[in-house]
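Written below as structure tokens is the structure these notes are about.
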Amino acid sequence: MNLIFNPSGHATAFLFWVCVTLLVGSGLAIYKLPENVTIPAVIAFGDSILDQGNNNYIPTFVRANFPPYGVNFLGEKATGRFSNAKTPVDLIAEIINVKEYVPPYLNPLIEDQDLITGVSFASGATGLDPMTSTINMVIPMTDQLQMFSNYIMKLHVLVGKAQTNNIINNSLFLVATGSDDFVLDYFSYPMRKIEYDIPSYINFLVAEASTFIQELHSLGARRVVVLSLPPIGCMPTSITFSGSQNRTCSILYNKAAELFNKKLSSELQSLRSRHPPVKVVFADIYNPLLHIVNNPQSYGFKVVDRGCCGTGKVEVGWMCNMFGPTCSNVSNYLFWDSFHPTEKGYRIIVDNLLERYADDVLRL
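Just so we're aligned: 294 in the UniProt record's numbering is position 294 of the sequence shown, and the numbers increase by one with no gaps anywhere.
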């Protein structure tokens with residue numbers, strides 16, 4: 001991937017980043033895409049990083065539709081987003097001026113215009129491994145694809161087939177999943193460890209990811225961004241359960257994430273070579289997030305080994321609730337709960353992604 005600050009980069013991409021730099025800091029979403037680029041919708045798949053509230057509508061214990069989740073969201077409302085406020089899909093949609101909030105597809109009250117401009121199919125605690133979604137009683141990636149097929153049919157009714165094809169072909173697709181396969185499955189239950197060692201389990205996950213991307217492409221997606229795994233060993237819950245005495249990141253968990261990222265990046269590159277119509281950008285969030293963990297003061301954080309909610313060591317989902325304490329100043333914390341960053345953390349990551357990958361995404 002070429003950095004867009006490279007002198008050989010396209011002028012439009014450079015201007016894109018200049019505008020984004022100003023907008024991320026201000027929280028405004030007024031950027032206008034270059035005239036030759038149209039992004040009519042933002043559509044998301046994956047796990048809790050991009051779940052906008054789909055888990056509210058299924059029988060699972062993995063939810064975030066109660067306080068203190070959403071404490072800094074519009075109206076201090078807990079929407080099912082696993083954060084104190086916005087998620088990456090909201091921030092990206094806002095910055096490229098699609099809309100301010102991306103709704104969950106399963107919301108029965110969703111308006112037609114929200115369908116047309118993009119939704120999230122993501123489900124917290126799902127993974128590439130079908131067993132992960134089964135354990136957590138959430139929506140598997142295969143079912144998210146089926147929901148997307150149904151979404152396309154709804155668009156046909158709303159805007160016609162030709163306009164639907166235009167929307168799907170030009171939309172920005174975000175995919176983020178895989179963390180829960182390790183944290184909530186492989187490292188938490190014995191079943192997969194009996195069947196796979198870490199390298200072979202990663203091969204299995206990468207094959208699942210490759211199949212997902214190819215099927216997504218077959219349904220019309222042409223501008224796809226796949227997020228890497230974060231440094232899962234630095235999540236507060238991983239630090240807690242890996243037994244770190246001084247609350248440092250789990251080396252084992254992070255090594256697994258590094259190997260997964262390396263193999264997934266290679267597979268996506270190979271996929272593009274074998275099937276040129278498949279256009280996908282692999283976006284590294286591992287190193288930017290690790291840099292924040294190792295240099296918190298440079299980003300305005302004081303606490304990176306615990307979340308703001310409760311003790312910050314284990315609380316997530318139903319354990320992060322209104323009956324426990326929350327930190328007095330959320331802006332000091334990288335993590336909101338023991339799994340998920342705060343909106344401030346997400347904004348820094350999105351800022352970094354746009355800096356490094358805007359050129360590649362605009363050219364898809």
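Where is the CB? At the ideal position from N, CA and C, for every residue including glycine. Here the structure is a predicted model, which is why all the values come from computation and not from measurement.
Three-state secondary structure (DSSP) of residue i
{"i": "S228", "result": "coil"}
{"i": "C234", "result": "helix"}
{"i": "Y201", "result": "helix"}
{"i": "P108", "result": "coil"}
{"i": "G46", "result": "strand"}
{"i": "F282", "result": "strand"}
{"i": "A93", "result": "helix"}
{"i": "L33", "result": "coil"}
{"i": "S83", "result": "coil"}
{"i": "V314", "result": "coil"}
{"i": "Y189", "result": "coil"}
{"i": "L28", "result": "With a pLDDT of only 44 at L28, under the threshold of 50, the placement of this residue in the model should not be trusted, and no figure is reported."}
{"i": "V119", "result": "coil"}
{"i": "T326", "result": "strand"}
{"i": "F182", "result": "helix"}
{"i": "A176", "result": "strand"}
{"i": "I39", "result": "coil"}
{"i": "Q52", "result": "coil"}
{"i": "S218", "result": "helix"}
{"i": "T21", "result": "Its pLDDT being 44, under 50, T21 is placed unreliably by the model, and nothing is read from it."}
{"i": "F148", "result": "helix"}
{"i": "G195", "result": "The residue asked about is misnamed: residue 195 is Glu in this sequence, not Gly. The answer is helix: DSSP assigns E195 an H, G or I state."}
Span of the alpha helix (DSSP H) around residue i
{"i": "I168", "result": "161 to 170"}
{"i": "D359", "result": "343 to 363"}
{"i": "I135", "result": "130 to 136"}
{"i": "V293", "result": "286 to 294"}
{"i": "F66", "result": "Where F66 is concerned, there is no enclosing alpha helix (DSSP H), given that its DSSP letter is neither H nor E."}
{"i": "L334", "result": "It is not in any alpha helix (DSSP H) - L334 instead sits in the beta strand (DSSP E) that spans 333 to 335."}
{"i": "S298", "result": "Where S298 is concerned, there is no enclosing alpha helix (DSSP H), given that its DSSP letter is neither H nor E."}
{"i": "A256", "result": "251 to 274"}
Selection from the options that minimises the alpha carbon distance to residue i
{"i": "G345", "options": "V293, L115, M191", "result": "V293"}
{"i": "Y253", "options": "D197, S238, A176", "result": "S238"}
{"i": "L264", "options": "M153, P199, T60, V316", "result": "P199"}
{"i": "P230", "options": "P130, I285, E76, F204", "result": "I285"}
{"i": "T142", "options": "F66, V175, R192", "result": "V175"}
{"i": "C308", "options": "L50, E35, P40, P68", "result": "P68"}
{"i": "F323", "options": "I213, V330, T311, V37", "result": "T311"}
{"i": "V224", "options": "L33, E35, G46, D180", "result": "G46"}
{"i": "N321", "options": "F204, T87, L259, F66", "result": "F66"}
{"i": "E215", "options": "S244, M235, N170, V278", "result": "V278"}
{"i": "Y186", "options": "L227, L158, A209, I232", "result": "I232"}
{"i": "N166", "options": "A221, M131, M191, K154", "result": "A221"}
{"i": "D112", "options": "S48, D51, M153", "result": "M153"}
{"i": "S188", "options": "F241, A207, F212, T38", "result": "F241"}
{"i": "V89", "options": "D360, L109, L227", "result": "L227"}
Contact set for residue i: own chain, Cβ-Cβ below 6 Å, skip 5 residues either direction
{"i": "K302", "result": "N332"}
{"i": "G340", "result": "It should be noted that the sequence gives His, not Gly, for residue 340. These residues qualify, in order along the chain: F82, S83."}
{"i": "G53", "result": "T79, G80, P104"}
{"i": "V71", "result": "N84"}
{"i": "T117", "result": "A41, V98, K99"}
{"i": "G25", "result": "Here the model assigns G25 a pLDDT of 44, short of 50, so the residue's position is not dependable, and the following value carries that caveat. Excluding positions up to five away in sequence, the list is empty."}
{"i": "A64", "result": "G80, F82"}
{"i": "S266", "result": "none"}
{"i": "I208", "result": "According to the sequence displayed, residue 208 carries Glu and not Ile. For E208, where only same-chain residues beyond five positions count, the Cβ hits under 6 Å are L128."}
{"i": "R363", "result": "none"}
8 Å contact criterion, which residue i and residue j should meet: CB distance rounded
{"i": "D305", "j": "R247", "result": "4 Å"}
{"i": "G124", "j": "V42", "result": "About 18 Å; that fails the 8 Å criterion."}
{"i": "L219", "j": "S149", "result": "6 Å"}
{"i": "Q144", "j": "F173", "result": "Actually they are not in contact, since the Cβ atoms of Q144 and F173 sit about 12 Å apart, beyond 8 Å."}
{"i": "R272", "j": "V280", "result": "7 Å"}
Endpoints, beta strand (DSSP E) assigned at residue i
{"i": "D305", "result": "303 to 307"}
Residues near residue i by beta carbon distance below 8 Å, same chain, minus five either side
{"i": "I348", "result": "P288, I292, Y299"}
{"i": "H156", "result": "T164"}
{"i": "V202", "result": "A small correction: the amino acid at residue 202 is Ile; Val does not occupy that position in the sequence shown. Contacts found: A256, L259, F260, K263."}
{"i": "S270", "result": "none"}
{"i": "V57", "result": "The identity of residue 57 in the sequence shown is Tyr, whereas the question assumes Val. P104, L106, N107, P108."}
Chain C contact for residue i (CB, 9 Å cutoff)
{"i": "P341", "result": "This model lacks chain C altogether; it includes just one protein chain."}
Residues near residue i in its chain [Cβ-Cβ closer than 7 Å; skip 5 each side]
{"i": "N55", "result": "V62, R63, G80, S123, G124, V138"}
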